[in-house]
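These notes are about the structure you will find just below.
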Amino acid sequence: MIERIITIFGSTGNLMYKKLFPALDALIKKKCIDQKTKIFCIARKDCTLVDYVEDAKKGVKENLDWDSIIPFLTYIKMDVFDIDDYHMLKNRINRENKHADVMFYLAVPPVLFKPIAVGLSQSGIMKKNDEHRRILFEKPFGLNFKDANDINQTLQKLFVENQIYRIDHYLGKEMLQNIFIMRFSNSMFKNNWRKDYIKSITILVKEEETVMTRGSYYDHVGALKDMIQSHLLQMVALTTMAYPKKNQSQAIKDEKVNILKKIEIDESSILFGQYEGYLNESGIDQLSKTETFVFLKAYINDEKWQGVPIYLLTGKKLNEKRSEIIVEFESKEDIQIGWRYENVINNQLIIKIAPEEGVTLKVNVKSPGLENHIHLSELTYCHACQTTGGTPEAYEKLLLDFMHKDNTLYTRWDEIVASWQVISKLKDKPKKLVIYKSFETLKKIILTKEKDIIKDI
4 MIERIITIFG
14 STGNLMYKKL
24 FPALDALIKK
34 KCIDQKTKIF
44 CIARKDCTLV
54 DYVEDAKKGV
64 KENLDWDSII
74 PFLTYIKMDV
84 FDIDDYHMLK
94 NRINRENKHA
104 DVMFYLAVPP
114 VLFKPIAVGL
124 SQSGIMKKND
134 EHRRILFEKP
144 FGLNFKDAND
154 INQTLQKLFV
164 ENQIYRIDHY
174 LGKEMLQNIF
184 IMRFSNSMFK
194 NNWRKDYIKS
204 ITILVKEEET
214 VMTRGSYYDH
224 VGALKDMIQS
234 HLLQMVALTT
244 MAYPKKNQSQ
254 AIKDEKVNIL
264 KKIEIDESSI
274 LFGQYEGYLN
284 ESGIDQLSKT
294 ETFVFLKAYI
304 NDEKWQGVPI
314 YLLTGKKLNE
324 KRSEIIVEFE
334 SKEDIQIGWR
344 YENVINNQLI
354 IKIAPEEGVT
364 LKVNVKSPGL
374 ENHIHLSELT
384 YCHACQTTGG
394 TPEAYEKLLL
404 DFMHKDNTLY
414 TRWDEIVASW
424 QVISKLKDKP
434 KKLVIYKSFE
444 TLKKIILTKE
454 KDIIKDI
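So the mapping is simple: our numbering equals the position in the sequence shown, first residue as 1, plus 3.
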């Protein structure tokens, strides 16, 4: 008998092909998804399962074990605005097992969140407080705070908080999960993680890709709302939050919200950019002022972090794909005393999130030989090297947690509110866009203006 049904709305979309199918394939191979599970693939296209799979094979770049995946799949054509189709879905679920644990994954644009949630509720498929029914929403949680709040009010009327899962896939990345362990399980960091010892924090999320097929969506949000408001502010929170009272999901989220509420952006530091050729992309308004690059400096209004600049940088069509958190430590005067003729370089802790996964600690050491010369050396930990077959992808981990009702790596509503409030003053301001052909143009402006930022950005 089927005990679990994973229902995915938007099953013909890019997210399904690029992320969800590879994650499902990995979970099936690891036997985390067994024969008591069905996967309902829902979309509006009228086709058979055979046709659907053939289209999926064309859309998925990875080499998946389709022979193992197909037995789990059921394709269902649905109009998400038609209540009769929800009753049809309810009958399909009941046919498998009306007492099954059913998950609804909304891999759809934010504009469809409300109608799908209402349809699931009105049809009786998902009832409030039903521990065997839960719903997952993909970032972004609305196109702005008003939109996000409107969606959330609808959700709160229909369901309770522990039935609602809001996914920011960056939180599923192995090295972001590792930040918590590194910070609080190593006394060398735990006791020195404050303004007295840390000079600056730099968070980079650089992409080589353009907007590609996401133009019509991206042009309404831009890098500030697409990346800063979610991924990068979550990275700030994990890097600077206080030690939680308990190692439990809600206690961790409490501390993240506490730090997010204290973030203040230095508006004079902001640099918006738009890559050359953006206006020629499919779905883009020819007069668009949407930014594809953002750099800014922020501070945390908190005694522990007072005066420590936090630099955030993200953008598309840059010189490399690179996501890192770089913590630069202070160089105290007494360190310099014994090395009067040497330039002692500040220590750095670099947490590599993607595409490399690992940690690098930059330290000063004595050069070989008779002279007392100093050079910078790197101590490196490779996370992926510790496993056979690579580390789990973010969606693999988040899907598994969704199945097991573990919402630790999912965002709570007050986290989203606090994040929107950080950027609320900026999102409607007129933008002075720098049109860039290469990242060097932007880097030169940043390094000229921010004298204390690390040079390797």
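Built from N, CA and C at the ideal position, the CB exists for glycine as well.
Assign residue i to one of three DSSP states: helix, strand, or coil.
i: Arg415; result: coil
i: His407; result: coil
i: Ser14; result: coil
i: Arg325; result: strand
i: Ala110; result: coil
i: Ile184; result: helix
i: Thr51; result: coil
i: Gln125; result: helix
i: Ala240; result: helix
i: Ile474; result: For the chain, the structure presents residues 4 to 460; residue 474 sits outside this window and is missing.
i: Val105; result: strand
i: Ile456; result: coil
i: Val224; result: coil
i: Trp471; result: Absent from the structure is residue 471, since the part of the chain shown begins at 4 and ends at 460.
Would you say residue i and residue j are within 7 Å of each other, going by their C-beta atoms?
i: Phe366; j: Asn349; result: Sequence inspection shows Val at residue 366; the Phe mentioned does not correspond to that position. It is not a contact, given that the beta carbons lie outside the stated cut-off.
i: His90; j: Ser126; result: yes
i: Ile31; j: Ser71; result: yes
i: Ile201; j: Val311; result: yes
i: Glu65; j: Lys39; result: no
i: Thr414; j: Asp171; result: yes
i: Ile273; j: Asp222; result: no
i: Ile354; j: Met178; result: yes
i: Ala397; j: Lys193; result: no
i: Leu174; j: Leu412; result: yes
i: Phe148; j: Trp423; result: yes
i: Met244; j: Glu258; result: yes
i: Asp28; j: Leu76; result: no
Provide the residue(s) that pair with residue i in DSSP beta bridges, ordered along the chain.
i: Leu315; result: Ile206 and Leu299
i: Ser380; result: Val366
i: Arg98; result: Answer is none; Arg98 lacks a bridge partner.
i: Leu76; result: Ile42
i: Val330; result: Ile204 and Leu352
i: Cys385; result: Gly361
i: Ile8; result: Lys41 and Val105
List the whole-angstrom C-beta distance separating residue i from residue j, where the pair is believed to meet the contact cut-off of C-beta under 8 Å.
i: Leu146; j: Pro113; result: 6 Å
i: Met106; j: Met406; result: 7 Å
i: Glu134; j: Leu207; result: Their Cβ separation, rounded to whole angstroms, is 41 Å, which puts Glu134 and Leu207 out of contact at 8 Å.
i: Ile419; j: Thr317; result: Not quite, the Cβ-Cβ distance comes to about 18 Å (not below 8 Å), so this is no contact.
i: Leu282; j: Glu141; result: Actually they are not in contact, since the Cβ atoms of Leu282 and Glu141 sit about 27 Å apart, beyond 8 Å.
i: Val214; j: Glu164; result: Not really, about 33 Å apart at Cβ, beyond 8 Å.
i: Gly13; j: Ala151; result: At roughly 19 Å, the Cβ-Cβ gap does not stay under 8 Å, so Gly13 and Ala151 are not in contact.
In terms of residues, what are the limits of the beta strand (DSSP E) holding residue i?
i: Phe162; result: Note, Phe162: premise wrong, no beta strand (DSSP E); not H, not E.
i: Gly276; result: Ile266 to Tyr278
i: Ile138; result: Arg136 to Glu141
i: Leu436; result: Leu436 to Tyr439
i: Ile170; result: Ile167 to Ile170
For the alpha helix (DSSP H) containing residue i, list its first residue and its last residue.
i: Thr40; result: Careful: Thr40 lies outside any alpha helix (DSSP H), inside the beta strand (DSSP E) at Thr40 to Ala46.
i: Tyr220; result: Gly218 to Tyr221
i: Ile255; result: Ser252 to Leu263
i: Ile231; result: It is not in any alpha helix (DSSP H) - Ile231 carries neither H nor E in the DSSP assignment.
i: Ile448; result: Phe442 to Lys452
i: Met191; result: Ser190 to Lys193
i: Asp288; result: From DSSP, Asp288 is part of no alpha helix (DSSP H); its letter is neither H nor E.
i: Leu30; result: Phe24 to Lys32
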